[in-house]
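In what follows, a structure is listed as structure tokens, so that the remarks can point back to it.
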Amino acid sequence: GRRIGLVTVDHGLQAGSADRAEAVAAWARSAGLDPVIVAPVTIDPADPAGPEAAARQARYAALLHHAHGYAAAAVLLGHSLDDQAETVLLALARGSGPRGLSAMPARREEDGVAFLRPLLGVRRTVLRECCAALGLVPWDDPHNADDRYARARVRADALPALVTALGPGVPGNLAATAALLALDTSYLDEQAALAYPGCVKDGMLDVAAVAALHPALRGRVLRAFALDLGAPAAALGHRHVAALDALVTAWHGQGPTALPGGIDVRREDGLLRA
């Protein structure tokens, strides 16, 4: 059989978080999981991506580190269907494109590690019922009820209001929309990845080659270029990509486009360069 362990990440964002992480670890040991790891991380409150994104980035970095350390076949995450529906609504509010509206994938690979979400199709109420039947007490993170956080407001107000107005099928339908968009996004991403090498010259982007692409591919190529320049993915939004697109399709001698990470992209001699 497979060996199953647990990593609990202590973000250090609330009083008593270290004690809570140790309590989770103690339960895991009593349940026979091995290894059991408490992973403290440091969150920069001034991170331009915001505290939620910074915490997410630190959490996944810790999980990836320990997965490599133990040669783990996969990392299982506990996101539910309700989490997926909330993610779709947050993406809509940000004006996200198909990639953002695809929300969380059931499986993704990062640096040789598979991150799996086996509960993504299960409602949170069902998971609570399962915990009760198994004698488990789920932990309600106080941040999930803190209205300073956008996800907490969506969970407490926005999604329940939609369910009241439109019916109980809303969370499942939002998750289904994400799954449909994920299929289209995957195909377009593959096509953009094929087109990208033909648009790059010595680390710069050939304006004519990019301009010839369909807009759906052009935006993806421009985003890939921004990421290759070092722009942080969490802070790179559709407005940044639109500004890069303007350098290609609406050129009138404008100045450089500022990207997250302190990167300025300018157009010179038919090329985009930093």
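In this text, residue positions in the sequence shown follow the numbering used here: the first is 250, and each later residue adds one. Yeah, the Cβ is synthetic: ideal placement off N, Cα and C, and Gly gets one too.
Counting along the chain, where does the beta strand (DSSP E) carrying VAL371 start and finish?
That residue, VAL371, is in no beta strand (DSSP E); it is neither H nor E in DSSP.
VAL419 versus VAL371: straight-line alpha-carbon distance, rounded
Between the alpha carbons of VAL419 and VAL371 lies a gap of roughly 14 Å.
Just checking my contact of ALA427 with SER351 at CB under 8 Å: how many whole Å lie between their CB atoms?
Contact holds; Cβ gap of about 5 Å.
Can you tell me which of ALA311, VAL497, ASP395 puts its alpha carbon nearest to the alpha carbon of PRO464?
The shortest CA-to-CA distance from PRO464 to any of ALA311, VAL497, ASP395 is the one to VAL497.
Can you name the start and end residues of the alpha helix (DSSP H) that ASP259 belongs to?
ASP259: not part of any alpha helix (DSSP H); member of the beta strand (DSSP E) spanning 255–259, first to last residue.
Determine contact between the stretch 453–464 and the stretch 492–510, defined as no fewer than three beta-carbon pairs at a distance below 8 Å.
When Cβ pairs closer than 8 Å are counted between the two stretches, the stretch 453–464 is seen to touch the stretch 492–510, the count reaching three or more.
Give the list of continuous alpha helix (DSSP H) stretches no shorter than 4 residues that lie fully inside the stretch 281–322.
With a minimum length of 4 residues, the continuous alpha helix (DSSP H) runs that stay inside the stretch 281–322 are 300–318.
Reduced DSSP secondary structure (H/G/I, E/B, other) of ARG488:
In the three-state DSSP reduction, ARG488 falls in the helix class (H, G or I).
So is SER279 buried or exposed if we call it buried at 16+ other beta carbons inside 10 Å?
With fewer than 16 Cβ atoms within 10 Å of its Cβ, SER279 is classed as exposed.
Within its chain, find whatever has a CB closer than 8 Å to the CB of GLN263; leave out the 5 residues flanking it on each side and keep chain order.
If we look at GLN263 and ignore the five residues flanking it on each side, its Cβ neighbours are PRO391, HIS392.
DSSP state of LEU478, grouped into three classes?
In the three-state scheme derived from DSSP, where H, G and I count as helix and E and B as strand, LEU478 is classed as coil.
Of the residues GLY299, ARG467, ALA475, which one's Cα is nearest the Cα of GLY452?
Measuring C-alpha to C-alpha distances from GLY452 to each of GLY299, ARG467, ALA475 identifies ALA475 as the nearest.
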